[in-house]
Amino acid sequence: MGISRRQFFRTVAWVGASLSVMSVLPERLLARWNAGAFKADKLEDAVREKYGSLPVEDSSAIQLTVPEIAEDGAFVPVSVSSVMPGITSISIFSETNFSPLVASFDVMPRMRPNISLRIRMAETGNVVVMAKAGDHLYRASRLVVVSVGGCG
Amino acid sequence: MKVKAVATNELTSVKLLIPHPMETGRRKDQSGTIVPAHYITEVMAEHKGEAVFHAEFGPGVSRDPYLSFEFIGAKAGETLTISWVDNKGGSEKSDFPITSI
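For the record, the sequence lines run as chains E and X.
Heads up, the first sequence is in the numbering used here, so the first residue is 855 and it goes up one at a time.
Heads up, the second sequence is in the numbering used here, so the first residue is 108 and it goes up one at a time.
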């Protein structure tokens, strides 16, 4: 009998507490910023850097709201929402930008997939949204006509 | 940073505006020199120690980022902690009250 029952539970509790601390710390201390995806200069490359090679399908369950015409490409309002269950990540791309990936959101367990953001668009092109649910990417895309480019 | 967090029933709607130049690193100033990239890379929100929002930004987000999101499980009177970091090591972290309508 090298270890008492009390000692055993103490050790288990300590290991458990340490693990929970360790699982929180990297999130705060290490940047999770996905440089590869943000620096990619083509839409397909940015998607692959971010999500790997998951199958992509167009989905009307992803609601993407953008203006048809944006007079100022420096401020283009984009809203994304969905009633699809199981979405864990949403990314917004502007196809014609020098770096197409604009922003990426982790849909945390308590978060609802309903976000809005103002983005820059270099010129007329598609705003593309990818939502990850399970091992699939669901895509929505809308053309925005930009009068004055916003990446100058 | 301006934040409005409003709880209705179970759902809390958050709108936030972060004053920040969001320089892309491609813009030239009047003398023709490139203005170095300076943009927010991450925005986070926590409620009662639990992450309820995490976003990664690139330079394609507009100057003075304005965004909104929603989460469940908070009540008016509680606190939401919002923080951000940028590519030059700048950061901000502040507490904001969750209000009812």
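The beta carbon of each residue, even a glycine, is placed where N, CA and C say it ideally should be.
Taking a cut-off of 8 Å for Cβ pairs, the region 135-144 of chain X and the region 933-947 of chain E do not touch, as fewer than three such pairs fall below it.
Those residues of the region 947-960 of chain E placed with their C-beta closer than 9 Å to a C-beta in chain X are F947, S948, N951, F952, S953, P954, L955, V956, A957, S958, F959, D960, ordered along the chain. In this structure, the straight-line span from the alpha carbon of X:P126 to that of E:T865 is close to 48 Å.
Among the CB atoms of chain E, one or more fall inside 7 Å of the CB of X:Y173. Within the region 156-186 of chain X, contact with chain E at the beta-carbon level (separation under 8 Å) is assigned to E157, A158, V159, F160, H161, A162, E163, F164, G165, P166, G167, V168, S169, R170, P172, Y173, L174, S175, F176, E177, F178, I179, G180. X:Y173: member of the beta strand (DSSP E) spanning 173-179, first to last residue.
By the 16-neighbour rule on beta-carbons within 10 angstroms, E:E925 is exposed. Taking CB atoms only, E:A928 has a neighbour in chain X less than 7 Å away.
DSSP places E:A889 in the uninterrupted alpha helix (DSSP H) bounded by 889-893.
With the rule of 3 Cβ pairs closer than 8 Å, the region 110-130 of chain X does not count as touching the region 984-993 of chain E. Cβ atoms of X:N194 and X:H161 stay farther apart than 8 Å, at about 17 Å. Closest by C-alpha distance to X:G196, out of X:Y173, X:T148, X:F203, X:D171, is X:T148.
The alpha-carbon of X:G165 is positioned some 6 Å away from that of E:A957.
With the rule of 3 Cβ pairs closer than 8 Å, the region 961-972 of chain E does not count as touching the region 894-904 of chain E. E:K893 and E:W868 have their C-alpha atoms some 42 Å from each other. When the five nearest sequence neighbours on each side are left out, the beta carbons in the same chain lying within less than 6 Å of the beta carbon of X:L124 are those of K109, Y173, in order along the chain. If you look at X:R170, you'll find it isn't in any beta strand (DSSP E); DSSP assigns it neither H nor E. Partner residues in the beta bridge of E:Q917, as assigned by DSSP, are E:S935.
The residue among E:E922, E:V982, E:R859, E:L918 with its C-alpha nearest the C-alpha of E:V1000 is E:E922. Contact residues of the region 958-981 of chain E toward chain X are S958, F959, D960, M962, R964, M965, R966, N968, I969, S970, L971, R972, I973, R974 (C-beta to C-beta distance below 7 Å).
For E:K904, the secondary structure class from DSSP, reduced to helix, strand or coil, is helix. Around E:F892, the beta-carbon contacts reaching into chain X at under 9 Å are T148, E163, F164, G165, P166, G167. According to the DSSP assignment, X:T186 belongs to the beta strand (DSSP E) that extends over 186-193. When DSSP states are grouped into helix, strand and coil, E:F959 belongs to the strand group.
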